[in-house]
Amino acid sequence: MGIATDQTKHALSYVQIDRYKEVKCQSTENKQGNPLARGIVKLASTVYPSEATYNRLAIEYVKKGDYDLALVNFERVLTIQIQRYGDAQNIHIVSTYHKFGHVYEMKKDYDMAILYNKMSIEIRESLSTTNKQHLDLAESYKSIANVHYYYNEYKIALTFDGKALKIYLETVPKDDFNAAKLCHRIGIIYEELKEYETAFKNYEEAFKLYKIIYSFNYSQYSDVHHNSLMRDINRRLLRMLPIVKKADADLEQLDKYYRMFNEDQEKECIMFNEEVLSWQINDMSR
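If you count the sequence shown from 1, you need to add 1 to reach the numbering used here.
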(Lines of atoms letter the chains of each structure in order from A; the text may use other names.)
(Lines give C-alpha, C1' and ligand atoms only; values in the text may rest on other atoms or scores of the structure.)
Protein backbone atom coordinates (compact mmCIF):
# COMPACT_ATOMS: atom_id res chain seq x y z
CA MET A 2 0.00 0.00 0.00
CA GLY A 3 1.57 3.24 -1.10
CA ILE A 4 0.91 6.86 -0.31
CA ALA A 5 -2.21 8.18 -2.01
CA THR A 6 -1.44 9.85 -5.35
CA ASP A 7 -3.54 12.93 -4.57
CA GLN A 8 -1.22 13.61 -1.63
CA THR A 9 2.12 12.92 -3.23
CA LYS A 10 1.81 15.80 -5.69
CA HIS A 11 1.65 18.11 -2.66
CA ALA A 12 4.59 16.43 -0.94
CA LEU A 13 7.25 18.65 0.57
CA SER A 14 10.90 17.78 0.56
CA TYR A 15 12.54 17.05 3.90
CA VAL A 16 14.77 20.07 3.24
CA GLN A 17 11.71 22.32 3.21
CA ILE A 18 10.42 20.79 6.44
CA ASP A 19 13.81 21.25 8.11
CA ARG A 20 13.93 24.84 6.86
CA TYR A 21 10.53 25.50 8.41
CA LYS A 22 11.71 24.10 11.76
CA GLU A 23 14.77 26.34 11.64
CA VAL A 24 12.68 29.44 10.93
CA LYS A 25 10.14 28.47 13.60
CA CYS A 26 12.84 28.14 16.24
CA GLN A 27 14.28 31.54 15.34
CA SER A 28 10.89 33.26 15.50
CA THR A 29 9.93 34.69 18.88
CA GLU A 30 7.60 37.42 17.72
CA ASN A 31 4.49 35.31 17.27
CA LYS A 32 3.91 32.60 19.89
CA GLN A 33 1.05 31.18 17.88
CA GLY A 34 3.31 30.61 14.86
CA ASN A 35 2.57 31.27 11.22
CA PRO A 36 -0.73 29.63 10.09
CA LEU A 37 0.81 28.74 6.73
CA ALA A 38 3.77 27.12 8.46
CA ARG A 39 1.43 25.10 10.69
CA GLY A 40 -0.36 23.92 7.58
CA ILE A 41 2.95 22.88 6.02
CA VAL A 42 3.85 20.75 9.03
CA LYS A 43 0.37 19.20 9.15
CA LEU A 44 0.60 18.28 5.46
CA ALA A 45 4.10 16.94 5.93
CA SER A 46 2.97 14.68 8.78
CA THR A 47 0.18 13.38 6.51
CA VAL A 48 2.52 12.68 3.61
CA TYR A 49 5.25 11.23 5.81
CA PRO A 50 3.42 9.45 8.67
CA SER A 51 5.39 8.94 11.84
CA GLU A 52 6.20 5.76 13.73
CA ALA A 53 3.51 6.66 16.27
CA THR A 54 0.93 7.14 13.50
CA TYR A 55 1.61 3.73 11.97
CA ASN A 56 1.55 2.17 15.44
CA ARG A 57 -1.86 3.70 16.20
CA LEU A 58 -3.17 2.53 12.83
CA ALA A 59 -1.92 -1.00 13.47
CA ILE A 60 -3.58 -1.13 16.89
CA GLU A 61 -6.88 0.10 15.43
CA TYR A 62 -6.73 -2.61 12.76
CA VAL A 63 -6.10 -5.21 15.47
CA LYS A 64 -9.20 -4.00 17.33
CA LYS A 65 -11.22 -4.34 14.12
CA GLY A 66 -9.86 -7.83 13.49
CA ASP A 67 -8.09 -6.78 10.28
CA TYR A 68 -4.84 -8.49 11.16
CA ASP A 69 -3.21 -8.31 7.73
CA LEU A 70 -3.47 -4.52 7.67
CA ALA A 71 -2.22 -4.43 11.25
CA LEU A 72 0.86 -6.38 10.18
CA VAL A 73 1.46 -4.03 7.23
CA ASN A 74 1.51 -1.05 9.58
CA PHE A 75 3.68 -2.77 12.17
CA GLU A 76 6.12 -3.53 9.32
CA ARG A 77 6.24 0.21 8.62
CA VAL A 78 6.86 0.89 12.30
CA LEU A 79 9.70 -1.63 12.33
CA THR A 80 11.28 -0.13 9.19
CA ILE A 81 11.31 3.34 10.78
CA GLN A 82 12.70 1.97 14.05
CA ILE A 83 15.54 0.11 12.34
CA GLN A 84 16.43 3.22 10.35
CA ARG A 85 16.36 5.28 13.54
CA TYR A 86 18.09 2.99 16.01
CA GLY A 87 20.06 0.74 13.68
CA ASP A 88 20.26 -1.95 16.33
CA ALA A 89 17.95 -4.90 16.91
CA GLN A 90 18.92 -4.89 20.61
CA ASN A 91 16.56 -2.01 21.31
CA ILE A 92 13.52 -1.76 23.60
CA HIS A 93 11.40 -0.12 20.89
CA ILE A 94 12.23 -2.71 18.24
CA VAL A 95 11.66 -5.63 20.61
CA SER A 96 8.28 -4.14 21.56
CA THR A 97 7.31 -4.28 17.88
CA TYR A 98 8.47 -7.90 17.63
CA HIS A 99 6.23 -8.66 20.61
CA LYS A 100 3.28 -7.00 18.84
CA PHE A 101 3.95 -9.09 15.72
CA GLY A 102 3.78 -12.19 17.89
CA HIS A 103 0.47 -11.07 19.35
CA VAL A 104 -1.09 -10.38 15.93
CA TYR A 105 0.05 -13.71 14.51
CA GLU A 106 -1.41 -15.42 17.58
CA MET A 107 -4.73 -13.65 16.90
CA LYS A 108 -4.51 -14.85 13.27
CA LYS A 109 -3.91 -18.39 14.60
CA ASP A 110 -0.63 -18.47 12.69
CA TYR A 111 1.10 -20.05 15.65
CA ASP A 112 4.42 -20.85 13.96
CA MET A 113 4.98 -17.18 13.16
CA ALA A 114 3.75 -16.21 16.63
CA ILE A 115 6.37 -18.48 18.21
CA LEU A 116 9.08 -17.09 15.91
CA TYR A 117 8.43 -13.46 16.92
CA ASN A 118 7.92 -14.31 20.58
CA LYS A 119 11.27 -16.10 20.62
CA MET A 120 12.91 -13.03 19.09
CA SER A 121 11.36 -10.76 21.70
CA ILE A 122 12.36 -13.10 24.54
CA GLU A 123 15.96 -13.36 23.36
CA ILE A 124 16.36 -9.58 23.24
CA ARG A 125 14.42 -8.84 26.41
CA GLU A 126 16.44 -11.38 28.38
CA SER A 127 19.59 -9.50 27.39
CA LEU A 128 18.07 -6.08 28.18
CA SER A 129 16.30 -6.83 31.45
CA THR A 130 17.96 -4.57 34.01
CA THR A 131 14.98 -2.61 35.38
CA ASN A 132 11.64 -3.68 36.85
CA LYS A 133 9.83 -2.36 33.77
CA GLN A 134 12.04 -4.44 31.47
CA HIS A 135 11.55 -7.51 33.66
CA LEU A 136 7.78 -7.07 33.40
CA ASP A 137 8.07 -6.73 29.62
CA LEU A 138 9.99 -10.01 29.61
CA ALA A 139 7.20 -11.61 31.65
CA GLU A 140 4.72 -10.50 28.98
CA SER A 141 6.84 -12.22 26.31
CA TYR A 142 6.97 -15.40 28.41
CA LYS A 143 3.17 -15.35 28.77
CA SER A 144 2.67 -14.78 25.05
CA ILE A 145 4.79 -17.73 23.97
CA ALA A 146 3.13 -19.87 26.68
CA ASN A 147 -0.23 -19.01 25.11
CA VAL A 148 0.86 -20.38 21.76
CA HIS A 149 2.27 -23.59 23.21
CA TYR A 150 -0.99 -24.02 25.10
CA TYR A 151 -2.90 -23.82 21.80
CA TYR A 152 -0.61 -26.55 20.46
CA ASN A 153 -1.42 -28.66 23.57
CA GLU A 154 2.27 -28.45 24.48
CA TYR A 155 1.42 -28.08 28.14
CA LYS A 156 4.82 -28.79 29.65
CA ILE A 157 6.47 -26.10 27.52
CA ALA A 158 3.67 -23.67 28.33
CA LEU A 159 4.19 -24.35 32.04
CA THR A 160 7.90 -23.62 31.74
CA PHE A 161 7.29 -20.14 30.34
CA ASP A 162 4.32 -19.41 32.61
CA GLY A 163 6.49 -20.38 35.57
CA LYS A 164 9.18 -17.92 34.49
CA ALA A 165 6.60 -15.17 34.10
CA LEU A 166 5.05 -15.92 37.50
CA LYS A 167 8.46 -15.79 39.19
CA ILE A 168 9.01 -12.29 37.79
CA TYR A 169 5.59 -11.09 38.94
CA LEU A 170 5.97 -12.49 42.45
CA GLU A 171 9.40 -10.86 42.80
CA THR A 172 8.53 -7.54 41.17
CA VAL A 173 4.92 -6.51 41.77
CA PRO A 174 2.75 -6.24 44.91
CA LYS A 175 0.42 -9.08 45.89
CA ASP A 176 -2.64 -7.22 44.64
CA ASP A 177 -1.33 -7.35 41.07
CA PHE A 178 -3.82 -9.01 38.75
CA ASN A 179 -1.22 -10.72 36.53
CA ALA A 180 0.14 -13.03 39.23
CA ALA A 181 -3.35 -14.17 40.22
CA LYS A 182 -4.36 -14.84 36.64
CA LEU A 183 -1.15 -16.78 35.97
CA CYS A 184 -1.67 -19.02 39.01
CA HIS A 185 -5.19 -19.60 37.72
CA ARG A 186 -3.95 -20.58 34.27
CA ILE A 187 -1.15 -22.77 35.60
CA GLY A 188 -3.78 -24.61 37.64
CA ILE A 189 -5.86 -25.17 34.51
CA ILE A 190 -2.86 -26.63 32.68
CA TYR A 191 -2.06 -29.00 35.54
CA GLU A 192 -5.69 -30.07 35.62
CA GLU A 193 -5.46 -30.82 31.89
CA LEU A 194 -2.41 -32.95 32.70
CA LYS A 195 -4.46 -34.69 35.44
CA GLU A 196 -1.95 -33.55 38.07
CA TYR A 197 -4.76 -32.63 40.42
CA GLU A 198 -2.82 -31.92 43.61
CA THR A 199 -0.63 -29.36 41.84
CA ALA A 200 -3.65 -27.94 40.04
CA PHE A 201 -5.46 -27.51 43.34
CA LYS A 202 -2.48 -25.75 44.95
CA ASN A 203 -2.35 -23.25 42.10
CA TYR A 204 -6.10 -22.68 42.24
CA GLU A 205 -5.79 -22.03 45.98
CA GLU A 206 -2.99 -19.54 45.39
CA ALA A 207 -5.02 -17.80 42.69
CA PHE A 208 -8.01 -17.66 45.05
CA LYS A 209 -5.89 -16.08 47.82
CA LEU A 210 -4.57 -13.44 45.41
CA TYR A 211 -8.05 -12.70 44.05
CA LYS A 212 -9.25 -12.18 47.63
CA ILE A 213 -6.58 -9.49 48.02
CA ILE A 214 -7.51 -7.86 44.71
CA TYR A 215 -11.30 -7.92 45.02
CA SER A 216 -13.30 -6.63 47.94
CA PHE A 217 -15.47 -9.13 49.81
CA ASN A 218 -17.63 -6.60 51.61
CA TYR A 219 -20.88 -7.67 49.98
CA SER A 220 -22.98 -4.75 51.16
CA GLN A 221 -20.65 -2.08 49.75
CA TYR A 222 -18.75 -3.69 46.91
CA SER A 223 -21.05 -6.34 45.49
CA ASP A 224 -20.20 -5.26 41.95
CA VAL A 225 -16.41 -5.43 42.36
CA HIS A 226 -15.95 -9.15 42.98
CA HIS A 227 -18.52 -10.22 40.39
CA ASN A 228 -15.83 -11.23 38.01
CA SER A 229 -15.79 -14.17 35.60
CA LEU A 230 -12.38 -15.24 36.90
CA MET A 231 -13.65 -15.38 40.48
CA ARG A 232 -16.64 -17.46 39.42
CA ASP A 233 -14.40 -19.80 37.46
CA ILE A 234 -11.86 -20.30 40.24
CA ASN A 235 -14.64 -21.14 42.69
CA ARG A 236 -16.18 -23.70 40.36
CA ARG A 237 -12.78 -25.30 39.83
CA LEU A 238 -11.95 -25.41 43.52
CA LEU A 239 -15.31 -26.96 44.35
CA ARG A 240 -14.83 -29.57 41.65
CA MET A 241 -11.28 -30.35 42.79
CA LEU A 242 -11.98 -30.70 46.53
CA PRO A 243 -13.39 -34.25 46.39
CA ILE A 244 -10.73 -35.30 43.87
CA VAL A 245 -7.83 -34.26 46.11
CA LYS A 246 -9.76 -35.49 49.19
CA LYS A 247 -9.64 -32.26 51.15
CA ALA A 248 -11.45 -31.99 54.48
CA ASP A 249 -15.20 -31.54 54.54
CA ALA A 250 -14.66 -28.28 56.44
CA ASP A 251 -12.81 -26.85 53.45
CA LEU A 252 -15.64 -27.86 51.16
CA GLU A 253 -18.28 -26.36 53.45
CA GLN A 254 -16.40 -23.07 53.79
CA LEU A 255 -15.88 -22.71 50.06
CA ASP A 256 -19.42 -23.82 49.27
CA LYS A 257 -20.77 -21.20 51.69
CA TYR A 258 -18.72 -18.48 50.03
CA TYR A 259 -19.74 -19.66 46.57
CA ARG A 260 -23.45 -19.58 47.45
CA MET A 261 -23.11 -16.04 48.86
CA PHE A 262 -21.23 -15.04 45.75
CA ASN A 263 -23.96 -16.42 43.48
CA GLU A 264 -26.73 -14.81 45.52
CA ASP A 265 -25.08 -11.41 45.15
CA GLN A 266 -24.55 -12.10 41.46
CA GLU A 267 -28.21 -12.97 40.99
CA LYS A 268 -29.36 -9.81 42.79
CA GLU A 269 -27.10 -7.68 40.63
CA CYS A 270 -28.40 -9.32 37.44
CA ILE A 271 -31.99 -8.54 38.50
CA MET A 272 -31.06 -4.91 39.19
CA PHE A 273 -29.29 -4.64 35.84
CA ASN A 274 -32.23 -6.15 33.93
CA GLU A 275 -34.62 -3.71 35.61
CA GLU A 276 -32.33 -0.82 34.64
CA VAL A 277 -32.18 -2.01 31.01
CA LEU A 278 -35.97 -2.29 30.96
CA SER A 279 -36.28 1.32 32.15
CA TRP A 280 -33.95 2.42 29.34
CA GLN A 281 -36.14 0.63 26.80
CA ILE A 282 -39.32 2.24 28.18
CA ASN A 283 -37.70 5.68 28.04
CA ASP A 284 -36.55 5.07 24.45
CA MET A 285 -40.06 4.07 23.36
CA SER A 286 -41.57 7.21 24.90
CA ARG A 287 -39.39 9.51 22.77
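Where is the CB? At the ideal position from N, CA and C, for every residue including glycine.
For residue i, does the three-state DSSP call read helix, strand or coil?
i	result
LEU194	coil
VAL63	helix
ASP291	The shown model of the chain, from 2 to 287, leaves out residue 291, and the question about it has no answer.
LYS246	coil
TYR204	helix
SER51	coil
TYR211	helix
Evaluate residue i with the Cβ neighbour count: other Cβ atoms within 10 Å of its Cβ, from every protein chain shown; 16 or more gives buried, anything less gives exposed.
i	result
ASP112	exposed
ASN132	exposed
TYR150	buried
ASP67	exposed
LYS182	buried
TYR86	exposed
VAL225	Since pLDDT at VAL225 reaches only 44, below the 50 mark, its modelled position is unreliable, and the value read off the structure follows with that caveat. With fewer than 16 other Cβ atoms within 10 Å, it is exposed.
HIS103	buried
GLY163	exposed
GLU1	Residue 1 lies beyond the residue range present for the chain, which begins at 2 and ends at 287; the question has no answer from this structure.
Expressed to the nearest angstrom, what Euclidean distance is found between the alpha-carbon atoms of residue i and residue j?
i	j	result
ILE81	GLU106	24 angstroms
ILE122	LEU138	6 angstroms
THR97	GLN90	12 angstroms
ASN235	PHE75	40 angstroms
CYS184	ARG240	17 angstroms
GLU52	ASN153	37 angstroms
LEU70	ILE213	41 angstroms
ALA200	ARG232	17 angstroms
PRO243	ALA146	29 angstroms
SER229	LEU58	31 angstroms
PHE208	ASP176	12 angstroms
LYS25	ILE92	Here LYS25 scores only 38 on pLDDT, less than 50, and its place in the model should not be relied on; the value that follows carries that caveat. Cα to Cα, the separation comes out at about 32 angstroms.
TYR204	GLN84	47 angstroms
ALA158	VAL245	24 angstroms
ILE124	ILE94	9 angstroms
TYR62	LYS108	12 angstroms
TYR191	ASP88	40 angstroms
MET1	ASP110	No statement about residue 1 is possible, as the shown extent of the chain runs from 2 to 287 and does not include it.
Would you say residue i touches the ligand MN, meaning its beta carbon is less than 7 angstroms from a heavy atom?
i	result
GLY102	Of the ligands one can find in the structure shown there are none, so the ligand MN has no counterpart to examine.
Enumerate in chain order the residues of its own chain whose CB-to-CB distance from residue i is below 8 angstroms, with the five nearest sequence positions on each side excluded.
i	result
GLU193	TYR155
ILE168	HIS135, LEU136, LEU138, ALA139 and TYR142
TYR55	ASN74, PHE75, ARG77, VAL78 and ILE81
Using C-beta distances below 6 angstroms, list every residue in its chain close to residue i, excluding the 5 sequence neighbours before and after it, in chain order.
i	result
LYS143	ALA165
THR79	The question names Thr, but residue 79 is Leu in the sequence shown. Contacts found: THR97.
LYS100	PHE75
TYR211	ALA181 and MET231
ILE115	VAL148
Apart from the five residues just before and just after residue i, which ones in its own chain have a Cβ nearer than 7 angstroms to its Cβ?
i	result
PHE178	ILE214
SER129	HIS135 and LEU138
ARG186	ASP162
Subject >> Ranges of the alpha helix (DSSP H) found wholly within the segment 67-155, counting only runs of at least 4 >> reply: 68-86, 92-107, 111-128 and 132-151
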